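Scroll down for the structure; my scribbles are underneath it.
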Amino acid sequence: MPQNLATDADGRLLIDVRGPRFGAAITTVVLATALVVQGPVGIGLVAWQWVMFAISTFAGLAWSPYGQVFRWVKRRFDLGPPPEVEHEGPPRFAQACGFGVATVALALFVSGFVVAGWIAVGVVLTLSMLLAVTGICVGCELYLVGQRLRARGIGPSDRITADGATTTHGVRDGGAA
Amino acid sequence: MDAILLRLLLVAGLLAVVLAAGWLYRRRDGRVRSDDGARLGGHHLDAVGLDLSDGAAGAVLLGSPTCSPCDSVKRVLGDIEVERQGFRWVYADAADHLGLADEHKVMRVPTLFMVAADGRIMARTSGVPRHDDLRRVLDGGGGLDTAA
Numbered sequence: 173m174p175q176n177l178a179t180d181a182d183g184r185l186l187i188d189v190r191g192p193r194f195g196a197a198i199t200t201v202v203l204a205t206a207l208v209v210q211g212p213v214g215i216g217l218v219a220w221q222w223v224m225f226a227i228s229t230f231a232g233l234a235w236s237p238y239g240q241v242f243r244w245v246k247r248r249f250d251l252g253p254p255p256e257v258e259h260e261g262p263p264r265f266a267q268a269c270g271f272g273v274a275t276v277a278l279a280l281f282v283s284g285f286v287v288a289g290w291i292a293v294g295v296v297l298t299l300s301m302l303l304a305v306t307g308i309c310v311g312c313e314l315y316l317v318g319q320r321l322r323a324r325g326i327g328p329s330d331r332i333t334a335d336g337a338t339t340t341h342g343v344r345d346g347g348a349a
Numbered sequence: 004m005d006a007i008l009l010r011l012l013l014v015a016g017l018l019a020v021v022l023a024a025g026w027l028y029r030r031r032d033g034r035v036r037s038d039d040g041a042r043l044g045g046h047h048l049d050a051v052g053l054d055l056s057d058g059a060a061g062a063v064l065l066g067s068p069t070c071s072p073c074d075s076v077k078r079v080l081g082d083i084e085v086e087r088q089g090f091r092w093v094y095a096d097a098a099d100h101l102g103l104a105d106e107h108k109v110m111r112v113p114t115l116f117m118v119a120a121d122g123r124i125m126a127r128t129s130g131v132p133r134h135d136d137l138r139r140v141l142d143g144g145g146g147l148d149t150a151a
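Going down the list, the protein sequences come from chains A and B.
Residue numbering for the first sequence follows the working numbering, starting at 173 and increasing by one per position.
Residue numbering for the second sequence follows the working numbering, starting at 4 and increasing by one per position.
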C-alpha cells in the first residue's frame with residue numbers, strides 16, 4: 173500500500189468519506205471536458221479516465237490516483253481528520269461500474285459507433301456528477317443490492333426452521349457464484 | 004463553434020437534472036413512513052433479538068458490514084435510547100435475515116423499523132432518520148415513559 177492507511181479489525185481498508193466525492197469531482201471535470209471537445213482529445217480523456225477506473229477497481233482504492241491527489245490536498249491545505257470513514261467496498265464497486273461503462277464507450281468508439289459511445293460517456297458523467305454535487309453514490313447502493321442477491325444465492329443460507337426461527341449457516345463468501 | 008456551445012449546454016442541462024434528482028432523493032431519504040398496520044412477526048423479533056415483552060417500544064435496524072450511513076442511524080438510536088426510558092433497539096445484518104427483508108420489502112440499508120410492544124410497525128425509514136421524527140413516532144406510539 174502506498175501509505176499507512178486505516179483498516180478495520182478484519183484488515184479491510186477504511187477510507188475518508190470525502191475521498192470518493194473529491195475523486196468524482198475530478199472525474200466529472202475530465203469527462204465533461206471530453207464530452208464537450210470530443211474528437212481525438214475527447215476520446216483520449218475518456219481513455220485516461222478508463223485507466224483511472226481500472227487502477228481503482230483492480231488495485232484497490234489505496235492506489236487510486238485521484239485518491240492520492242486527495243491525500244495530498246488534505247495534507248497541503250490541512251483539511252483535518254475525516255468526518256467519517258467507510259469501507260472501500262461500495263466505492264470500489266462504484267469505480268468498477270464506471271470501468272465497465274467506460275469500457276463499453278471505448279469499444280463503441282473503436283467500432284465506429286461514435287454517438288453511442290458518447291451516450292455511454294454521458295452515463296458515467298451523470299453518475300460521477302451526482303456523487304460530486306450531491307454526495308449520492310449510485311454504484312455504492314448497487315453494491316449493497318448485489319451483496320444481498322449474492323447472499324441469497326449462496327449463503328449464508330437463511331433457512332426458516334420449523335418453529336420459525338431464522339438460523340444462519342456461515343459461509344458468507346464461500347463457493348463460486 | 005456551434006457544436007461546442009451545444010455540448011456545453013448539454014452538460015449544463017445534465018447538471019440541472021442531477022441537482023433536481025439529488026434534491027428529490029434527499030427529500031425522501033430518512034423520511035418516516037407508516038407501514039399500514041404491518042407487524043413484525045414474533046419469530047422475526049426473536050431472530051434479531053429484540054425483546055419487547057415488558058410492553059416497551061423498540062426498533063430494529065437492518066444494515067450491512069460496509070454500510071456507513073448505518074453508523075449514523077446507530078448514533079441517532081443511541082441518543083433516543085438515552086432520552087427515552089424503556090426504548091431499546093437492535094442492529095441486524097440484512098443478509099442474515101433475508102426472510103424479514105423479503106417479507107417487508109427492504110430494498111436498501113439502512114432500513115429502520117420502529118416497533119410497538121405488540122409487534123406493530125409504527126414507522127419505517129430508509130436512510131438516516133432525524134431525531135425529531137423518531138421522537139414524534141414514539142410520542143404517537145405510546146407505551147413509553149418519557150425521561151424527565
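Ideal Cβ positions, reconstructed from N, Cα and C, are used throughout, including at glycine.
Keep in mind the model is a prediction, meaning the values are calculated, not measured.
Span of the beta strand (DSSP E), counted from its first residue to its last, around residue i
| i | result |
| --- | --- |
| VAL245 (chain A) | Run containing VAL245 (chain A): none in the beta strand (DSSP E); it sits in the alpha helix (DSSP H), 237-248. |
| ARG91 (chain B) | 91-96 |
| GLY66 (chain B) | 61-66 |
Close-in-space but distant-in-sequence residues of the same chain around residue i (CB under 8 angstroms, 5 per side omitted)
| i | result |
| --- | --- |
| CYS70 (chain B) | VAL112, PRO113 |
| CYS73 (chain B) | LEU64, GLY66, SER67, TYR94, VAL112, PRO113 |
| ARG294 (chain A) | A small correction: the amino acid at residue 294 (chain A) is Gly; Arg does not occupy that position in the sequence shown. Counting only Cβ-Cβ distances below 8 angstroms, and skipping sequence neighbours, we find LEU207. |
| LEU186 (chain A) | LEU177, ALA178, THR179, ASP180, VAL257, GLU258, HIS259, GLU260 |
| HIS134 (chain B) | VAL79, ASP82, ILE83 |
Short CB-CB distance (under 8 angstroms) between residue i and chain A
| i | result |
| --- | --- |
| LEU80 (chain B) | no |
| VAL93 (chain B) | no |
| ARG10 (chain B) | yes |
| ARG34 (chain B) | no |
| THR69 (chain B) | yes |
| GLY61 (chain B) | no |
| ILE83 (chain B) | no |
C-beta neighbour in chain B for residue i, strict 8 angstroms
| i | result |
| --- | --- |
| PRO170 (chain A) | What is shown of chain A runs 173 to 349, which leaves residue 170 (chain A) out entirely. |
| GLY261 (chain A) | yes |
| VAL229 (chain A) | At residue 229 (chain A) the sequence reads Thr, which differs from the Val that was named. Closer than 8 angstroms: no. |
| THR298 (chain A) | yes |
| THR275 (chain A) | no |
| GLN267 (chain A) | no |
| GLN240 (chain A) | no |
| LEU302 (chain A) | yes |
| ILE187 (chain A) | no |
| ILE308 (chain A) | yes |
| VAL305 (chain A) | yes |
| ALA178 (chain A) | no |
| LEU233 (chain A) | no |
N- and C-terminal bounds of the alpha helix (DSSP H) containing residue i
| i | result |
| --- | --- |
| GLU86 (chain B) | 71-86 |
| MET224 (chain A) | 211-231 |
| GLY289 (chain A) | 286-306 |
| ARG138 (chain B) | 134-144 |
| GLY272 (chain A) | 261-282 |
| ARG29 (chain B) | 5-31 |
| ALA104 (chain B) | 101-106 |
| GLY45 (chain B) | 45-51 |
Sequence-distant residues of its chain with Cβ nearer than 6 angstroms to residue i (five each side left out)
| i | result |
| --- | --- |
| GLY270 (chain A) | PHE225, VAL296 |
| GLY130 (chain B) | ASP32, GLY33 |
Bridge partner(s) assigned by DSSP for residue i
| i | result |
| --- | --- |
| ARG127 (chain B) | B:ARG36, B:PHE116 |
| GLU258 (chain A) | A:ILE187 |
| THR179 (chain A) | A:LEU185 |
| ARG42 (chain B) | B:ARG123 |
Check: residue i C-beta below 7 angstroms from any heavy atom of the ligand GDP
| i | result |
| --- | --- |
| GLY58 (chain B) | In the structure on display, the ligand GDP does not appear, and there are no ligands present to speak of. |
Close Cβ partners of residue i (< 7 angstroms) along its chain, the five nearest in sequence each way excluded
| i | result |
| --- | --- |
| LEU233 (chain A) | LEU185, ILE187, GLY239, GLU260, PRO263, ARG264 |
**Prompt:** Quick check: the stretch 235-255 of chain A against the stretch 45-52 of chain B, are there 3 or more CB pairs under 8 angstroms?
**Reply:** Three or more Cβ pairs closer than 8 angstroms define a contact, and the stretch 235-255 of chain A falls short of that threshold against the stretch 45-52 of chain B.
**Request:** State whether the stretch 218-225 of chain A contacts the stretch 30-44 of chain B, with contact taken as three or more CB pairs (one from each stretch) at a distance under 8 angstroms.
**Result:** no
**Item:** Contact between the stretch 294-309 of chain A and the stretch 103-122 of chain B (3+ Cβ pairs under 8 angstroms)
**Value:** Touching, no, given that fewer than three Cβ pairs across the two stretches are closer than 8 angstroms.
**Request:** Decide if the stretch 259-266 of chain A is in contact with the stretch 187-201 of chain A; the criterion is three or more beta carbon pairs, one per stretch, under 8 angstroms apart.
**Result:** yes
**Message:** Pairs of beta-carbons, one from the stretch 225-235 of chain A and one from the stretch 280-292 of chain A, closer than 8 angstroms: are there three or more?
**Reply:** no
**Request:** Inspect the CB distances between the stretch 10-25 of chain B and the stretch 203-217 of chain A and report whether three or more fall short of 8 angstroms.
**Result:** yes
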